[in-house]
Structure formats: C-alpha cells, structure tokens
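There are 2 protein chains.
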Amino acid sequence: MSQSVTEFEVHDIRFPTSQQLDGSDAMNPDPDYSAAYLVLRTDDGAEGHGFCFTIGRGNDIVAAAIEALRPYVVGRPAPTGAADLAALHHDLTHDSQLRWLGPEKGVIHMAAGAVVNAAWDMAATRAGRPVWEFLASMTPEELVSLVDFRYLTDALTREEALAVLRAAEPGRAERTALLKEQGYPAYTTSPGWLGYGDEKLVRLAKEAVAGGFGQIKLKVGLDLEDDIRRMELARAAVGPSVRIAVDANQRWDVAEAVRWMTALAPYEPHWIEEPTSPDDVLGLAAVRAGQPVKVATGEHVANRVVFKQLLQARAVDFVQIDAARVAGVNENIAILLLAAKYGVPVCPHAGGVGLCELVQHLAMFDFVAVSGSWDDRVIEYVDHLHEHFADPVVIVGGRYAAPSAPGFSARMLPGSIAAHSCTDGPVRQVRHTVEEARS
Amino acid sequence: MSQSVTEFEVHDIRFPTSQQLDGSDAMNPDPDYSAAYLVLRTDDGAEGHGFCFTIGRGNDIVAAAIEALRPYVVGRPAPTGAADLAALHHDLTHDSQLRWLGPEKGVIHMAAGAVVNAAWDMAATRAGRPVWEFLASMTPEELVSLVDFRYLTDALTREEALAVLRAAEPGRAERTALLKEQGYPAYTTSPGWLGYGDEKLVRLAKEAVAGGFGQIKLKVGLDLEDDIRRMELARAAVGPSVRIAVDANQRWDVAEAVRWMTALAPYEPHWIEEPTSPDDVLGLAAVRAGQPVKVATGEHVANRVVFKQLLQARAVDFVQIDAARVAGVNENIAILLLAAKYGVPVCPHAGGVGLCELVQHLAMFDFVAVSGSWDDRVIEYVDHLHEHFADPVVIVGGRYAAPSAPGFSARMLPGSIAAHSCTDGPVRQVRHTVEEARS
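Just so you know, the sequences run in chain order A and B.
For the first sequence, the working numbering begins at 170 and goes up steadily by one.
For the second sequence, the working numbering begins at 170 and goes up steadily by one.
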C-alpha cells in the first residue's frame, strides 16, 4: 500500500541579516533573509522540505499562500516518480480561482514552487538519490511529461524539447562521473555587497581568488564614481584573469543602464546583471544592444513565459534561474529546455537562505541531461546561513561538489527551524519591522 | 490640525456566484466573486474604502497582504491632495522587503492597489467630489507628480506626459459638461458567459440591444464549433450594426489563437480579448500580426512595465485597464498616459465585485483630461452584485451616467459587508472549497 501525505507544517523563519549589511545592494539596503518553510510528512514518517526565500517583511504572506495549498497535498499519495510530480505541479498551478492571484507570478506562484520542491525532496529521498541524479535518471519522455508547455509552443514544442534531451542522452554517464570527480564551477558574490567598505571588499576578493574562484561579483548602481573605484580595487585584488561580474539589482531605466555600463565597460565587467526591471523584455534587449557588456537576468523573472520572451528577443546572454521563485523543479525544467534550445548558458542565482543548496541540483541536472555543457556556466555562491542546513553545499577549489545525500539538500536543521520561527505571530513581527523602516 | 488615519479594517468578503455560472469562461469555470476589502477611518470619522477583486480561493491571502501594509497607513495624516497621494503610493510600492514578493506584481501589488484606492476614496470624499472630477481638477504638474516613472522613460518621460496633459487642458470644461449630459459609452458581457445556454444568450443579447448597448461580448475558446454557433446566434439577435467582441481568457497558445481567430474572423468580431498569456508581449504581437481581428488585453497585466511593452511592441489595439490589479489610481494614470502617447484607446475591464463602480472614474478622467476622446472607447458593464454598493453605477441607454456623489463609488453597504464576510476563518473556507474542487 502506498503512503499518504498526512502532515503539512508551515514555518515563518527569519534571520536578522540586516544587522551586518550582508546581502545589501542598490535596491535592497537592509534585507532580513527569511524563508516561508514547508515540511511534508507521510504516515510512515518520510519527509519532504521546501521553501520560498524572501527578504523579511511579507514572509508571513507567502506562508499564508503555502497554507492555502494544503488541500492539494494532504491526503495525496506520497509522490514517487514523474507522473505524480507532474500531476501535483499541474494541480497547484491550474487551480482556476487561485490562478487569478497571478496568473503564475508573485506570492501564489512562489508558494506553489515551495510545495512542488518539497514533493521533489520527498520523492528523491525515498528513491535514495540526490535530486540532480534522480532527474538525470529519468527518460526524455518522463522529463517532458513534467513540463507545462502552455504558452511555450511558439518557442519550444514537446517534440523540440524531446530532441534537446535525446541529443544529450549519449554522454550522461561520462558527465555524471565528471561532476562527481570535479564538481561544478562557481562564482562568489561574498566580496561585493554594497554595504561593505573598500577594505572588506579587497580582503574578500583576495580570499575568493585564493579559494579557487574564477569569478566574483560586485553590486553597483548607487554611485558611478564609487562603482569605478570598486571595480579598480577589485581588479587589482583579483588580477587580470579572474572575471568580475556586476549587478545593478534593477536600479536603472534603459537609457541610464546604457550610460552607466558604457562608462564601466573599460573595466571589462563579465556581465551586467538586472540592469532594469525583470519584466522589461524589450528594455533588457535595448540595454543589450546599446552597450558592450553582456546582460544577465532571471532571479526575479516571474515565470517561463517571460523567460521565453527574453530568449526570443535575444535580450540576455545568461539565463539566471532561481530555484524558489517559479513553480519549482517542473517550471525550471521548462526554462532549462528553452535556454538549451536557444543556446544561452544558464548561470543560476543563489545565496539567500538555502538557494545554493537547491539550485546546484538544477545546474548539475542541466549539465548531465539537458545542455550537456558547463562552458560559460557558473553557479552563484554566497557564504551565508549554510550552517542551518543538514546537507549544506560543499565548495572545493571554487566549485560546487556534487551532492551525494538523497533529496534536495534543502532540509533546515530542526534546531534552526525552532530558533528562527516567528513566535510572536507573523503580522505583529511585520508591523514591528515596518515601523522601524519608517522611523 | 489635520486628521489622522486611526482604523484599518480588513474584510474577506465572498459571494457564491459559481452557483449560477455567472462569470464562467474558458479559464474560470466556477468563480466565486470575492473582495479583500479595506475600510480606513480617521479620528474624525471620515472613511475611505478600497478592495482587491478575486474569484474565491486565495481571497484570504490578499487580505493578509493588505494587512501587512497597515503600518504604512495607520497614524498617517488623512490624505487630501496630490502630494499625500503620491507619497503613499511611493511608500507602498517601494518597501524594499515587500517588493521582493513581486516585484510590482501579483498579491502584494494588488494589495497596494487596494490601499491606494481607499486613500483616493477618502481624499475625494473629503474634497466633496467624485474621483473622476477630483482628478480632472488637478493641474498637469500635480497629475505627473502622482506617477512613478521608473522603468517608463524609454517610452514616456515626465515631460512627454506633461505635454499629453497640457494638450488636453483646453477642452476639459466642455468634456465635463458632455459627460454629465450624455454619460460614457458602455458594452455588456452579461449575455456571453460560457456557462449560459443558447436561449439565455439570445434573450440577453436582445435585451442588451433594447437597453441601448452598441456592443456585446461573448466568451470563446473551449470549442470552435460552439463559438461559431454562438457568434451566429448573437449576430442574428443583435443585427448587423451592434459590435460583438470575443474573449478567450488566455486559453490559447500563439498558433492556436491565430488558427481560431482566422476561423472566427468571417463573423466579424470587434476584438479578440486575452487570446494568450497576459505576460506574453511578443506572443500577443504575433497574434495581432497573424490574423485580422483586433487584439485587446489588460485585465491581468501585472503593471505599467508590461503595459509599456504592449504599446512599444504594437501588440494591442485596445488597452484594458483594471482598477484593482495594478497599484491603484496612481499606476493607472501612468497607463492612461502611455496609451494616450501611443494613440491606443483604453477600454476598461469591469464586472466582478465593484470593478464597474471604480473604473468608470478612470475612463471619465481619461476623457476629460488625458486622451480627450471617447472615440472607439467603451467601458465593460456586467450586471452583477451592484446592489451591494451604496453608490452603484447607473446605466442609461447603454452608457455609464457620470457619478456625482463624492468618492470612488466603492463603498459596500454595511449590511453586505457583514452578511458576506467569512465568519468561520478564511483558511477553513478555502480548504472547504478546494476540497469541493477536487471531488
């Protein structure tokens, strides 16, 4: 007899990161890294963990949205394979009434992602494999069955997706072995937060190079002279061969992005990330056409329909998937397939709470079974809050070691969940912090 | 001494409309029209009402999001004019932590809209004017001060917006008089819900023509043969001179939309509304280019950045603003200005709960002070749930009579609020209805 999901436990978890200005950038001066966190349990005690990442206020709203999805999960047989995971993703994203709150974007879509990812964690754990290998063991037919092709077929049909996956089938075993041996390339954002002083920037940049990273990233966009000074300091610290990407976190309009990046271009930034609104497909295409630095975006892109257009419009040089903003593993498979068809490398966004842990699985799956390549690809790495996870990422020589433990590496330690859950009621906590923000 | 906002009262209001299949379409088979409803009160008893419209499940999530905005309002001086209303809109949409939940889309953005609109209701009521006249009495400088031009300047600068408004200044008094005399043109969707039988469709279509409407709308997209039969029945009922628009509610991919509308084109639909995803700027442009019927969209468009692109890409022939999805009056002013600059008529979406009441003010303001025209423009009208409002819309001869009562016409009757609030706890109600949906 198959097990059923019997428990659905939602936690509002917050870390007071704003006290150190970790994670500070031109749009997010004082984030308090948070997670709306879900634990599923079956009647035989198996678990599945998933979450949305937020930066503080509003984490309770996302928790309420996850809670609203409870009836789609509790009482359902525990998911085991592609068919179950496809059906759950479909049910969560096709509820006609809840869809009104998006459609397929924002709070309700992030919540669906948390539930989908918890189900993947449960299924992979029960199969005894890390999610990347669990995915990479599926047939092309199973993988396309996981994807919702609605609104995609003008750019990617089921048959084209199958062709992408079949083309990558021959080398799966070799690439799996290579990953286990060498890990996946990473870059680090740790030196570059806007709230850090020059000395800390230089020290952390040097540490990054000493640690084996071939790329670092700096936050930019508040003051051009500061950005030029920081680029020069970072270049002197890392030497000529390490790539320096920059990230404006949506700070600019199109013309300002073109002006600013034309001025920064002589310092050879590897990419400019989020130069403007993540909704602005045409604007991003204009920024890419208007200045010489390559464009990266994606961490705030709402869904596969917008990613599709970024590729159709040739608006981006790098697709930055996020594991916890779209509707989980299933929608990210769609985005990986789109990027592979258009030949654009995927360089995942990570950091926050547990995003590194999750997204490494998607990048490794992409390498083994979708794009079949890691050329020009790097996963973001930020050294924050990993100590709260049972199976934290392992960085060796500037690369992500392939996870070997079963599941999605997404389980927070019970002590961390207990210590960082809001105990005085989420709304009260929100009110408190907004009042601080206004004062 | 100025009054302060002291009360912030949120209600989860639901109507069981699915029982009659009112509002049924190809994507929304059984909506339960609902409102996450906000009442503001000052210490001297003045009120401001605003709300988000949803179609049932998830209304409690939006209510929680409105609740999270309480600290930005309570204790604030009661808004009186453009400066206050600009500052409130800015504060609500620029909270760096809450912005992460969008940015500027979905639940958190709709919630900001409810609060902004409640503030406009309060300010206009205190000024003793309906919102459309309150807006139309502002100077071009005041009106542009209400707009957030971030991400718009590649399509519309502050100076261009000022030029649009100044060009419309000369005729304001004449058009105001004309509106009061004749009202604003409307069309009705009441005959066309997909759940209605042929006989009801024909009866309601004839009633619409007898009532003076020059346009009706039918829902399409489930079955092409049914759609053709319904178009023929409707055409026979309304005669050759009444326009028949059709609405697919996002049902199709691009190629399917082109095929379907090519087949329906001989029946001369006035427009095809929401042929595909509201996020798909490039897809809508392809649908518009690929078949002969004009394209309308907007009720699910997340924000001004997407509207900007729809206009830049020449993807739509009609811009369908919604009063309660974007961040309220302020963001809708931005959208009206964009549409005016690109010369595309605005035909507002309405229906649901109170959307007719709200959006008539924006269309009338557009006529008086922005586009200066009502050619090719109609406001949607649906005859649902108006009896719950203190100042319901008045339709005379197929036109919206200009509201004369102070405020936004958005105040639900106290008895209706009390009778339709969820009393057994929103989450319980949500669970109940999802379980019904699954069974």
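Glycine residues also receive a C-beta, built at the ideal position from the N, C-alpha and C atoms.
Predicted model only: the values in this text are computed from it and were never measured.
Between A:A215, A:Y436 and A:V485, which has its C-alpha nearest P444 of chain A's C-alpha?
A:V485
Check the Cβ of M196 of chain B against every Cβ in chain A and list those closer than 8 angstroms, keeping chain order.
S265 and R268
What is the rounded straight-line gap between the Cα of R183 of chain B and the Cα of S203 of chain B?
4 angstroms
Starting from D449 of chain B, find everything on chain A with Cβ-Cβ shorter than 8 angstroms and list it in chain order.
Y320, V474, K477 and Q478
Helix, strand or coil for E273 of chain B per DSSP?
Assigned with DSSP and collapsed to three states, E273 of chain B falls in coil, not helix or strand.
So which residues of chain A does R226 of chain B contact, with C-beta pairs closer than 8 angstroms?
By Cβ distance, chain A contributes A237, D264, Q266 and L267.
I need the boundaries of the beta strand (DSSP E) containing S203 of chain B, first residue and last residue.
S203 to T211
Suppose you measure from the CA of S608 of chain B to the CA of H218 of chain A; what does that come to, to the nearest Å?
Low per-residue confidence applies at S608 of chain B: pLDDT is 42, beneath 50, and the placement is therefore not dependable enough to give any value.
Can you name the residues of chain A whose CB is closer than 9 angstroms to the CB of A492 of chain B?
Chain A residues near A492 of chain B: none, gap ~15 angstroms exceeds 9 angstroms.
Check whether the Cβ atoms of K386 of chain A and D416 of chain A lie closer than 9 angstroms to each other.
yes
Within the chosen definition, does the segment 225-232 of chain A reach the segment 449-456 of chain A through at least 3 CB pairs nearer than 8 angstroms?
no
For R568 of chain A, which three-state DSSP category applies?
Judged by DSSP in its simplified three-state form, R568 of chain A adopts strand.
Can you tell me whether Q266 of chain B is buried or exposed, with buried defined as 16 or more other CB within 10 angstroms of its CB?
buried
Could you please give me the residues that DSSP links to Y353 of chain A through a beta bridge?
A:Y569
Just the Cα atoms here: how many angstroms apart are S187 of chain B and I441 of chain B?
25 angstroms
Going by DSSP, what residue range makes up the beta strand (DSSP E) through I182 of chain B?
V174 to R183
How long is the line joining the alpha carbons of V411 of chain B and V474 of chain A, rounded to whole angstroms?
36 angstroms
Using only alpha-carbon positions, find the residue among A:P248, A:D392, A:H278 and A:S540 that is nearest to L238 of chain A.
In terms of Cα proximity to L238 of chain A, the closest of A:P248, A:D392, A:H278 and A:S540 is A:H278.
Assign G626 of chain B to one of three DSSP states: helix, strand, or coil.
For residue 626 of chain B there is no data in the structure shown, the boundaries of chain B being 170 and 608.
With DSSP as the reference, identify every bridge partner of Q384 of chain B, one or two as the case may be.
Within the DSSP bridge table, the entry for Q384 of chain B names B:R412 as partners.
Give the range of the alpha helix (DSSP H) segment to which I504 of chain A is assigned.
G497 to Y511
Quick one: residues in its chain with C-beta nearer than 8 angstroms to the C-beta of K274 of chain A, no 5 flanking neighbours on either side, listed in chain order?
The residues are A471 and N472.
As a quick exercise: from A:E350, A:P339 and A:A374, pick the residue whose alpha carbon is nearest that of Y356 of chain A.
A:A374
Does any residue of chain A have a CB that is nearer than 9 angstroms to the CB of S446 of chain B?
yes
What residues of chain A sit near D323 of chain B, judged by a beta carbon separation below 7 angstroms?
D422, V423, A424, G452 and A455
Does the pairing of the segment 554-570 of chain B with the segment 343-354 of chain B give three or more beta-carbon distances under 8 angstroms?
yes
Less than 9 angstroms between the C-beta atoms of L480 of chain A and V513 of chain A, yes or no?
yes
Determine contact between the segment 286-293 of chain A and the segment 534-548 of chain A, defined as no fewer than three beta-carbon pairs at a distance below 8 angstroms.
Proximity of the segment 286-293 of chain A to the segment 534-548 of chain A falls short of the contact definition, fewer than three beta-carbon pairs being nearer than 8 angstroms.
With a threshold of 8 angstroms, are at least 3 pairs of Cβ atoms found where one atom belongs to the segment 455-468 of chain A and the other to the segment 237-256 of chain A?
no
Using CA atoms only, rank isn't needed, just tell me which of B:P339, B:L505, B:L209 and B:A305 is closest to I235 of chain B.
B:L209
Between the segment 321-341 of chain A and the segment 383-398 of chain A, can you find at least three pairs of beta-carbon atoms closer than 8 angstroms?
no
By DSSP, does I586 of chain B sit in helix, in strand, or in coil?
helix
What's the call for R597 of chain B, buried or exposed, on a 16-neighbour Cβ count within 10 Å?
Unreliable placement is indicated for R597 of chain B, whose pLDDT of 39 sits below 50; the coordinate value is still reported in the next sentence. Burial call: exposed.
Which chain A residues are close to Q189 of chain B, counting only those with a beta carbon under 8 angstroms from its beta carbon?
Neighbours of Q189 of chain B on chain A: none; closest Cβ ~16 angstroms, over 8 angstroms.
Helix, strand or coil for F534 of chain B? Go by DSSP, reduced to three states.
helix
My guess is that A251 of chain B and L315 of chain B are in contact by the Cβ rule of under 8 angstroms, so how many angstroms apart are they, rounded?
6 angstroms
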